[in-house]
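Trainee: In this note's numbering, the protein residues as written are 12 to 415. Beta carbons: idealized from backbone N, C-alpha and C, even for Gly. Structure incoming, see below.
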Amino acid sequence: MKKRIMFVDDEPKILDGLRRMLRPMRKEWDVSFAENGPAALELMEQEHFDVVISDMRMPGMDGAALLTEVKKRSPDTIRIVLSGQSDRETIFRSVGPAHQFMSKPCDAEKIKKLVSRAYGLRDLVNSDTLKRLVSQVGTLPSLPHLYTEIVNELQSADPSIKRVGEIIEKDVGMSVKILQLVNSAFFGLRDHVNSPSQAANLLGLDIVRSLVLMVHVFTELEDFRIPNFRIQSVYNHSLAVGACAQSIARFQRAEKTICHDASTAGFLHDSGKLILAVNLPDEYGKTIAISRNEKIPIWEAEKKVFHTTHAEVGAHLLGLWGLPNSIVAAVAFHHNPEMSLDIQFSSLTAVHTANVFAFEHQGKNEEEDILPKINYEYLSELGLDHCVSQWREACKEICQGSIK
Ligand SMILES: [Fe+2]
Ligand SMILES: [Fe+2]
């Protein structure tokens with residue numbers, strides 16, 4: 012079936028350009044155009060759109076307001092912002108989760124890639140196999156209430172670190188764990204941190220917010236015992252991958268949003284493992300045995316047993332939680348970054364490589380006997396293969412901070 016795509020831009024010239032540029036896509040896409048937000052919403056009342064691509068700066072209703080409305084009226088519509096690079100931070104703050112960003116000028120090829128990437132990811136994390144599997148799994152970890160409260164505070168007109176600290180302190184168990192983590196060598200802080208707001212001050216609110224998610228997932232599942240599987244090792248590994256991914260993104264001088272996404276995706280990249288191992292322990296035990304006997308990586312063994320992988324299960328969960336596509340993609344493709352259609356450095360690049368470095372520096376986990384490898388072909392397509400040794404070095408010290 013043809014995909015229905017709508018472009019919204021207040022400049023008729025831009026719409027004309029897009030119309031010409033996208034003519035070759037006629038067989039695959041049904042494209043509509045609107046000159047402002049209200050006109051776009053009117054069109055949406057008449058038919059369902061699979062993708063809405065909107066300019067950011069428009070008189071009256073701007074792109075953020077329009078896409079927020081699109082999300083409300085048609086949550087499964089993929090929302091893409093097409094705008095000047097400088098707007099990026101504002102967009103991520105105001106539009107909320109599950110959308111993509113594309114900077115002007117763009118060509119048909121770029122638009123095509125982005126749309127198919129958004130689709131590929133959506134199909135992957137919502138596949139029938141995954142849905143069937145998840146229905147077998149009793150319960151999935153919930154999105155913690157605390158996280159929603161923090162996000163609300165951060166999206167308020169005047170976000171305050173002190174108030175975020177107070178929100179976390181209400182949950183004593185969470186506070187203790189967050190403080191234990193931020194005082195570990197992973198974060199390289201010289202002073203001892205005594206309160207969540209001090210942690211947020213030193214590390215940034217986004218890191219603390221991501222740590223809340225990670226701690227929550229592991230705490231919900233920590234009491235389970237599975238042979239050849241230690242939740243603590245996955246915890247340690249995840250922490251290392253989150254911290255390393257962020258440091259790689261910083262090393263690349265990536266935008267703030269990419270750095271934050273890299274740490275969140277890193278902290279949560281293997282959460283699918285916990286979901287599978289805790290809920291289906293016999294099958295997971297079998298998976299570990301297959302990986303060892305056949306000397307294949309754990310995710311290949313998972314495919315044989317579950318017809319999906321921990322990467323996809325984790326991405327599915329984060330998708331359900333409404334985390335941004337960039338984070339969902341970084342988790343979904345952390346073992347196969349070439350599937351992402353990345354065209355430049357992204358949080359996925361950081362998580363893919365950080366996952367390998369964490370194992371190199373920390374050693375094997377009980378369940379991962381065959382270690383992952385860096386996909387040099389993917390990196391060389393991005394023109395980044397020469398960076399590997401510097402990234403590895405940047406991660407070395409972080410990984411020595413393991414919590415026992
Ligand atoms: Fe993994
Ligand atoms: Fe991993």
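1) By Cβ distance below 6 Å, which residues in the same chain neighbour Ser358 in space, the five residues on each side in sequence not counted?
2) So Arg90 is in the beta strand (DSSP E); what residue range does that whole segment cover?
3) Suppose you measure from the CA of Gly8 to the CA of Thr88; what does that come to, to the nearest Å?
4) What residues in its chain sit with their C-beta under 6 Å from that of Phe60, if we drop five residues either side in the sequence?
5) Can you tell me whether Lys142 is buried or exposed, with buried defined as 16 or more other CB within 10 angstroms of its CB?
6) Would the beta-carbon of Asp281 be found less than 6 Å away from any heavy atom of ligand 1?
7) Just to confirm, does Asn366 get its C-beta within under 6 Å of one of the non-hydrogen atoms of ligand 2?
8) Which residue's Cα is closest to the Cα of Gly325: Met69, Phe344, Pro70, Ile299?
9) Find the nearest neighbour of Val187 within the set Thr159, Thr230, Asp202, judged by alpha-carbon distance.
10) Val106 by DSSP, collapsed to three states: which one?
11) The alpha helix (DSSP H) with Ala312 in it runs from where to where?
12) Got a sec? Which residues, its chain only, sit under 7 Å from Pro108 by beta carbon, not counting five neighbours each side?
13) Taking the alpha-carbon of Val228 as reference, which of Ala75, Asp41, Ser249 has the nearest alpha-carbon?
14) From Gln423 to Leu224, what does the alpha carbon distance come to, in whole angstroms?
15) Quick check on Gly48: buried or exposed, where buried means 16 or more other Cβ atoms within 10 Å of its Cβ?
16) Count the other CB atoms, across all protein chains shown, that sit within 10 Å of the CB of Ile189; report buried if there are 16 or more and exposed otherwise.
17) Among Glu294, Asp217, Glu377, Asn194, whose alpha-carbon lies nearest the alpha-carbon of Arg241?
18) Can you grab the Cα-Cα spacing for the pair Asn205 / Glu180, in whole Å?
19) DSSP state of Met12, grouped into three classes?
20) Extract the residue ranges of the alpha helix (DSSP H) inside the stretch 178-226, only unbroken runs of 4 or more that lie entirely within it.
21) By a C-beta neighbour count over all protein chains shown, 10 Å radius and 16 as the cutoff for buried, is Arg220 buried or exposed?
22) Just reading off the beta strand (DSSP E) that Asp4 is part of, what are its end residues?
23) Looking at Gly71: is its Cβ nearer than 7 Å to the Cβ of Ser65?
24) Would you check if the distance between the CB atom of Met67 and the CB atom of Val92 is smaller than 7 Å?
25) According to the neighbour-count rule (16 or more other Cβ atoms, all chains shown, within 10 Å of its Cβ), is Val106 buried or exposed?
26) How would you call Lys415, buried or exposed, if buried means at least 16 neighbouring beta carbons within 10 angstroms?
27) Find out if the Cβ-Cβ distance for the pair Val81, Val126 is shorter than 7 Å.
28) Which one of Gly283, Lys123, Phe370, Ala76 has the shortest CA to CA distance from Lys38?
29) Is it true that the stretch 388-402 meets the stretch 294-302, where meeting means three or more beta-carbon pairs spaced less than 8 Å apart?
30) Below 7 Å between beta carbons: does that hold for Leu222 and Leu213?
31) State the start and end residues of the unbroken alpha helix (DSSP H) segment that holds Val81.
32) Pull the bridge partners of Val175 from the DSSP assignment, please.
33) Determine the contact status of Ala369 and Val183, defining contact as a CB-CB distance below 7 Å.
34) Between the C-alpha atoms of Phe235 and Tyr295, what's the straight-line distance to the nearest angstrom?
35) Taking Cβ to Cβ, would you say Ala254 is nearer than 7 Å to Ile409?
Mentor: Let's see:
1) Position 347 of the sequence shown holds residue 358. Ile269, Asp272, Ala273, Ala276, Ser337, Ala341, listed in sequence order.
2) As a first step, residue 90 is located in the sequence shown; it is residue number 79 there, counting from the start. Counting along the chain, the beta strand (DSSP E) containing Arg90 begins and ends at 89-94.
3) Outside the displayed range of the chain (12 to 415) lies residue 8, so it cannot be described from this structure.
4) Reading the sequence shown from its first residue, position 49 is the one you call residue 60. Within the same chain, Arg15, Met17, Thr88 come within 6 Å of Phe60 by CB-CB distance, once the 5 residues on both sides are set aside.
5) Locating residue 142 in the sequence shown gives position 131, where the first residue counts as 1. So Lys142 counts as exposed.
6) Numbered from its first residue, the sequence shown carries residue 281 at position 270. Proximity of the beta carbon of Asp281 to ligand 1 is indicated: a heavy atom of the ligand is located closer than 6 Å.
7) Mapped onto the sequence shown, residue 366 falls at position 355. Distances from the CB of Asn366 to the heavy atoms of ligand 2 include at least one below 6 Å.
8) Position 314 of the sequence shown holds residue 325. The option with the nearest alpha carbon to Gly325 is Phe344.
9) The residue labelled residue 187 in the question sits at position 176 within the sequence shown. Looking at Thr159, Thr230, Asp202, the one whose alpha-carbon comes closest to that of Val187 is Thr230.
10) Counted from its first residue, the sequence shown places residue 106 at position 95. Note on Val106: pLDDT 49, under 50, position unreliable in the model; the coordinate value appears next. Residue state, collapsed to three classes: helix.
11) On the sequence shown, position 301 is the one that residue 312 refers to. Annotation for Ala312: the continuous alpha helix (DSSP H) segment containing it runs 309-317.
12) For the purposes of this step, residue 108 is taken as the residue at position 97 of the sequence shown. Unreliable positioning characterises Pro108 in this predicted model, as indicated by a pLDDT of 40, which lies under 50. The coordinate reading is nonetheless provided below. Excluding positions up to five away in sequence, the list reads Gly333, Leu334, Pro335.
13) As a position in the sequence shown, residue 228 is number 217, starting the count at 1. Put simply, of Ala75, Asp41, Ser249 the residue whose alpha carbon is nearest the alpha carbon of Val228 is Ser249.
14) Nothing in the structure corresponds to residue 423, since the chain is present only between 12 and 415.
15) Locating residue 48 in the sequence shown gives position 37, counting from the first residue. The residue is buried, with at least 16 neighbouring Cβ atoms inside 10 Å.
16) The count along the sequence shown starts at 1 and reaches residue 189 at position 178. With 16 or more other Cβ atoms within 10 Å, it is buried.
17) Reading the sequence shown from its first residue, position 230 is the one you call residue 241. Ranked by how close their Cα comes to the Cα of Arg241, the residues Glu294, Asp217, Glu377, Asn194 have Glu377 in first place.
18) The count along the sequence shown starts at 1 and reaches residue 205 at position 194. The count along the sequence shown starts at 1 and reaches residue 180 at position 169. Looking at the two C-alpha atoms, the distance is approximately 11 Å.
19) Reading the sequence shown from its first residue, position 1 is the one you call residue 12. Of the three classes helix, strand and coil, the one that applies to Met12 here is coil, per DSSP.
20) For the stretch 178-226, whole alpha helix (DSSP H) runs of length 4 or above, ordered along the chain, are 183-193, 207-214.
21) Mapped onto the sequence shown, residue 220 falls at position 209. Buried is the call here.
22) Since the displayed the chain opens at 12 and closes at 415, residue 4 lies outside it and no answer follows.
23) Indexing the sequence shown from 1 puts residue 71 at position 60. Indexing the sequence shown from 1 puts residue 65 at position 54. No, Cβ-Cβ distance for Gly71 and Ser65 is not below 7 Å.
24) Position 56 of the sequence shown, counted from the first residue, corresponds to residue 67. Position 81 of the sequence shown, counted from the first residue, corresponds to residue 92. Yes, the Cβ-Cβ distance between Met67 and Val92 is below 7 Å.
25) Along the sequence shown, one-based indexing puts residue 106 at 95. Residue placement at Val106 is poorly supported in this model, since its pLDDT is 49, which falls under 50; the coordinates are not used for a value here.
26) Here the question's residue 415 lines up with position 404 in the sequence shown. Interpretation of Lys415 is limited by its pLDDT of 43, a score under 50 that renders its predicted location unreliable; no figure is taken from the coordinates.
27) Position 70 of the sequence shown, counted from the start, is the residue given in the question as residue 81. Position 115 of the sequence shown, counted from the start, is the residue given in the question as residue 126. The beta carbons of Val81 and Val126 sit no closer together than 7 Å.
28) Here residue 38 is taken as the residue at index 27 of the sequence shown, counted from 1. Comparing alpha carbon positions, the residue from Gly283, Lys123, Phe370, Ala76 closest to Lys38 is Lys123.
29) Taking a cut-off of 8 Å for Cβ pairs, the stretch 388-402 and the stretch 294-302 do not touch, as fewer than three such pairs fall below it.
30) For the purposes of this step, residue 222 is identified with residue 211 of the sequence shown, where counting begins at 1. For the purposes of this step, residue 213 is identified with residue 202 of the sequence shown, where counting begins at 1. No, the pair does not count as a contact, with Cβ atoms beyond the cut-off.
31) One-based indexing of the sequence shown puts residue 81 at position 70. For Val81, the uninterrupted alpha helix (DSSP H) segment begins and ends at 74-84.
32) Position 164 of the sequence shown, counted from the start, is the residue given in the question as residue 175. For Val175, no pairing in a beta bridge is given by DSSP.
33) Locating residue 369 in the sequence shown gives position 358, counting from the first residue. Locating residue 183 in the sequence shown gives position 172, counting from the first residue. Taking a C-beta distance under 7 Å as the contact criterion, Ala369 and Val183 do not qualify as a contact pair.
34) In the sequence shown, residue 235 corresponds to position 224, counting from 1. In the sequence shown, residue 295 corresponds to position 284, counting from 1. Phe235 and Tyr295 have their C-alpha atoms roughly 13 Å apart.
35) Here residue 254 refers to the residue found at position 243 of the sequence shown. Here residue 409 refers to the residue found at position 398 of the sequence shown. Cβ atoms of Ala254 and Ile409: closer than 7 Å.
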